[in-house]
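Since the structure comes first, as structure tokens, the remarks are kept for the end.
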Amino acid sequence: MSIIRKNLVEHYTWGDQCDGWHLLKSMGLSVIEERMPAKTAERLHYHDKSEQFFYILKGEAIFEKEGKHYEVKAKQGFHVKPLEKHRISNLSNEDLEFIVISQPMAHGDRIDL
Numbered sequence: 001m002s003i004i005r006k007n008l009v010e011h012y013t014w015g016d017q018c019d020g021w022h023l024l025k026s027m028g029l030s031v032i033e034e035r036m037p038a039k040t041a042e043r044l045h046y047h048d049k050s051e052q053f054f055y056i057l058k059g060e061a062i063f064e065k066e067g068k069h070y071e072v073k074a075k076q077g078f079h080v081k082p083l084e085k086h087r088i089s090n091l092s093n094e095d096l097e098f099i100v101i102s103q104p105m106a107h108g109d110r111i112d113l
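Read the sequence shown against UniProt numbering and you will find it ends at 113, with the numbers running on by one and no gaps.
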């Protein structure tokens, strides 16, 4: 299929009531749209092989990477290389929506700390 529709792709939940939609899911490349409700955060982790690029669609994300914090707003992106310890948080009172692109696919390549 060439045209991807969010309402027709695989949906999953993660963390504290967060949503993810697999827009593209292959071993070599993953593109996911995710939603994090207000006041949620994921666990600190890293990926052994995968690098990731996050692009914020709506809201403001706080990324922790290697002990430093970065504020990333809508229409801005954030890159995480393999082995970098990181997590994303939504400290605001509104939903955070973003795209995360992983190469290769990060599922199965996550080590929680």
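C-beta: ideal position from N, C-alpha, C; glycine also.
As the structure is a prediction and not an experimental result, all values here were calculated from the model.
Item to check | Alpha-carbon to alpha-carbon, His-45 and Val-31 | outcome: 19 Å
Checklist entry - Residues bridged to His-36 by DSSP? => result The residue you asked about is not His; residue 36 is Met in the sequence shown. In the DSSP output, where bridge partners are listed per residue, Met-36 has Leu-96.
Next on the checklist: Let me see if you follow: with CB-CB separation under 9 Å, is Pro-104 close to chain D or not?
Outcome noted: This model lacks chain D altogether; it includes just one protein chain.
Item to check | Rounded C-alpha distance that separates Lys-58 from Cys-18 | outcome: When rounded, the distance between both Cα atoms is 15 Å.
Item to check | Beta-carbon spacing of Ala-38, Asp-95 below 9 Å | outcome: yes
Checklist entry - If you count every other CB in all the chains shown that lies within 10 Å of the CB of Glu-34, and 16 or more means buried, which is it? => result buried
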